[in-house]
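Novice:
Residue numbers (our numbering): 81 to 616.
Rendered as structure tokens:
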């Protein structure tokens, strides 16, 4: 009230505001939820170009609701919501941000046990404060933590919202390639398209690992045509595979996005219900999609059936990254429980995919089977007999021996699957296309890809050959000539199949090879075709 009314004027301070505004108590003790939200939004802000809002939504809701539950339980334990929140926040922050802190402190050579001790100390101090401080001090700490949490969330939103708006505005309205026919005079054989990730050409593996790979020789002996000078058209998996299934180069997307854009969500979307899948379905094919652990190819909404490792809703690359950067892997290891690491995921998904495709042999057709397997792509986990190599044993064997074993296992599974498919009666033998999305990573690319240094400009011609040379082999029953040629690139896979086998009206595309300037600018493209030694 005004002093003229006969009441003394009370100065407004932070303390009196906290104590005298009962309405504010409804918004008190929310900082555990804000810090939980920040952990999710921070990771998203670091991966904007590769993560769309749908991938974030369920993990975000799950983690925030989990933080709310922890706060509620601790509020009951301490018989005060603010006191419970005071203990909940260091638990939430330590649990969700543990991996980020470990990575940061590793740069200063801080031992892991020091980080763990500091986290435990924060929780202990919070418990003591929750028990011993009076209500006024608890309210002031709560007020401060709520505002710190809100500021952190706002900082991430300042990064996320403009990026999402610009990405949406910059997405090209690209004319979709529609099926050109619903009938064909060709025999509707099953078609199997295998993508083995980072499986380089014979030349690329020799340059990278010094490996004399015997799979191309085996394939030729079993009726395959091996395209010895084949290359990926683009530097990254999603760019390469998306342009193959869209049967068009990146020109329109690159122009719409701009050379400085880092948004890959448009290209990720290109892998869903793509023109290749629609054309097969228009011809009466059943589409079976066998996915990998890589989010953009884990499932395809255009498939009739998706085969992938059963996972809880909301899981994927983003959720896996949240898990890996939390304290949970360390806690599981400390309790001697099996961790859910990249190595374990590699083993589960690759084994599942190879087993699933082998079981489709007797399913009725005609069917188009697309299989993406992250082999011989790292992490290196497979022994010669397909058993999992534990971390300790892997460290003893070393990278070169581990790669040799994983490649040998991959080759053995490929040969077994193809032998089974070729053993079918002649009129039921499928067309088999075996490809890679890219070659192995030269050391200079592995270390420099996430800098803004123009790697292709500084790479040697041999390094480019390592990175772009891919395995590309075709089996067409009866030896039918599709006009395959040694330098045919991945982008002409289905234009060739549709036009030369099915007799449909598709034109071959230029066999040009492009490099992005760096990881963060996928649309800043340079034609490097003439730099590849095998194409000169």
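Built from N, CA and C at the ideal position, the CB exists for glycine as well. Computed from a prediction, not measured in an experiment: that's the story for all the values here.
1. Which one of 462, 291 and 567 has the shortest CA to CA distance from residue 309?
2. Here's the rule I'm using: 16 or more other beta-carbon atoms within 10 Å means buried, otherwise exposed. How should residue 270 be labelled?
3. Between which two residues does the beta strand (DSSP E) containing residue 271 stretch?
4. Less than 8 Å separating the beta-carbons of residue 114 and residue 230?
5. Give a yes or no on whether the C-beta atoms belonging to residue 167 and residue 203 are separated by under 8 Å.
6. Residues in the same chain with beta-carbon distance under 7 Å from residue 298, minus the five sequence neighbours each way, listed in chain order, please.
7. Which residue marks the beginning of the alpha helix (DSSP H) containing residue 471, and which one marks its end?
8. Work out the CA separation of residue 196 and residue 614 for me, nearest whole Å.
9. Can you find at least 3 beta carbon pairs, one from the segment 259-267 and one from the segment 567-587, that sit closer than 8 Å?
10. In chain order, which beta strand (DSSP E) runs of at least 3 residues are fully inside the segment 435-502?
11. Can you tell me whether DSSP reads residue 319 as helix, strand or coil?
12. Let's test the definition: count the other Cβ atoms within 10 Å of the Cβ of residue 376 and tell me whether it reaches 16, buried, or not, exposed.
13. Residue range of the alpha helix (DSSP H) that residue 505 falls in?
14. For residue 222, is the beta carbon positioned less than 7 Å from some heavy atom of the ligand COA?
15. Taking the DSSP output, what are the residues bridged to residue 231?
16. In this structure, how does DSSP classify residue 538 when only helix, strand and coil are distinguished?
17. Do you know whose CA, among 322, 316, 486 and 421, lies nearest residue 465's CA?
18. Just how far apart, CA to CA, sit residue 241 and residue 133?
19. Helix or strand or just coil, what does DSSP make of residue 514?
20. What three-state label does DSSP hand residue 368 in the structure shown?
21. Identify whether residue 562 lies in helix, strand or coil by the three-state DSSP scheme.
22. Hey, residue 311 and residue 513 are a contact pair by Cβ (cut 8 Å); roughly how many whole angstroms apart?
23. Identify whether residue 533 lies in helix, strand or coil by the three-state DSSP scheme.
24. If we count Cβ pairs, one from each stretch, closer than 8 Å, do we get three or more for the segment 567-578 versus the segment 322-334?
25. Could you tell me which residues DSSP pairs with residue 555 in its beta bridges?
26. With contact counted as at least three CB pairs below 8 Å, one residue from each stretch, are the segment 376-385 and the segment 354-367 in contact?
27. Going along the chain, which residues of its own chain have a beta-carbon closer than 6 Å to the beta-carbon of residue 436, five neighbours each way excluded?
28. Taking its Cβ as the centre, do 16 or more other Cβ atoms sit within 10 Å of residue 83, making it buried, or is it exposed?
29. Just verifying my parser: in three-state terms, what is the DSSP assignment at residue 207?
30. By how many angstroms is the C-alpha of residue 428 removed from the C-alpha of residue 379?
31. Exposed or buried, what is residue 345 when buried is set at 16 or more other beta-carbons lying within 10 Å of its beta-carbon?
32. Of all the alpha helix (DSSP H) runs that stay within the bounds of the segment 333-358, which reach a length of 4 or more residues?
Specialist: Once the coordinates are examined:
1. The residue given as residue 309 occupies position 229 in the chain shown. Nearest of 462, 291 and 567 to residue 309, Cα basis: 567.
2. On the chain shown, position 190 is the one that residue 270 refers to. Buried is the call here.
3. By 1-based counting over the chain shown, the position of residue 271 is 191. 271-276 is the extent of the beta strand (DSSP E) around residue 271.
4. What you label residue 114 is simply residue 34 of the chain shown in a count that begins at 1. What you label residue 230 is simply residue 150 of the chain shown in a count that begins at 1. Cβ distance < 8 Å, so residue 114 and residue 230 count as in contact.
5. Within the chain shown, numbered from 1, the residue matching residue 167 stands at position 87. Within the chain shown, numbered from 1, the residue matching residue 203 stands at position 123. Yes.
6. Here residue 298 refers to the residue found at position 218 of the chain shown. These residues qualify, in order along the chain: 495.
7. Along the chain shown, one-based indexing puts residue 471 at 391. Per DSSP, residue 471 belongs to the alpha helix (DSSP H) from 471-477.
8. Translated into positions along the chain shown, residue 614 becomes position 534. Translated into positions along the chain shown, residue 196 becomes position 116. Taking the straight line joining both Cα atoms gives about 53 Å.
9. yes
10. 447-453
11. If you number the chain shown from 1, residue 319 lands on position 239. The answer is helix: DSSP assigns residue 319 an H, G or I state.
12. Your numbering for residue 376 matches position 296 in the chain shown. Per the 10 Å Cβ criterion, buried.
13. Sequence index remark: in the chain shown, residue 505 carries index 425 (1-based). Careful: residue 505 lies outside any alpha helix (DSSP H) and carries neither H nor E.
14. With respect to small molecules bound, the structure shown includes none, and the ligand COA cannot be examined in it.
15. Stepping through the chain shown from its first residue, residue 231 is reached at position 151. Partner(s): none; residue 231 has no beta bridge.
16. Walking along the chain shown from the start, residue 538 turns up at place 458. Helix.
17. Locating residue 465 in the chain shown gives position 385, counting from the first residue. With distances taken between Cα atoms, residue 465 lies closest to 486.
18. Taking the first residue of the chain shown as position 1, residue 241 is located at position 161. Taking the first residue of the chain shown as position 1, residue 133 is located at position 53. Each residue's alpha carbon lies about 11 Å from the other.
19. Sequence index remark: in the chain shown, residue 514 carries index 434 (1-based). Here residue 514 sits in strand by DSSP.
20. Position 288 of the chain shown holds residue 368. Three-state result, residue 368: strand.
21. Walking along the chain shown from the start, residue 562 turns up at place 482. Three-state result, residue 562: coil.
22. Looking up residue 311 in the chain shown gives position 231. Looking up residue 513 in the chain shown gives position 433. At roughly 16 Å, the Cβ-Cβ gap does not stay under 8 Å, so residue 311 and residue 513 are not in contact.
23. Within the chain shown, residue 533 is the residue found at index 453, counting from 1. The answer is coil: DSSP assigns residue 533 none of H, G, I, E or B.
24. yes
25. Position 475 of the chain shown, counted from the first residue, corresponds to residue 555. Paired residues: 512.
26. yes
27. In the chain shown, counting from the first residue as 1, residue 436 sits at position 356. 370 and 387, listed in sequence order.
28. Reading the chain shown from its first residue, position 3 is the one you call residue 83. Residue confidence for residue 83 is low, a pLDDT of 47 falling below 50, so the modelled location carries little weight; the figure read from the coordinates is stated next. By the 10 Å Cβ count, residue 83 comes out exposed.
29. Position 127 of the chain shown, counting from 1, holds the residue named residue 207. Residue 207 falls in the helix class under three-state DSSP.
30. Position 299 of the chain shown holds residue 379. Position 348 of the chain shown holds residue 428. Computed Cα separation, rounded: 16 Å.
31. The residue you call residue 345 lines up with position 265 of the chain shown. When all chains shown are included, residue 345 counts as buried.
32. 345-350
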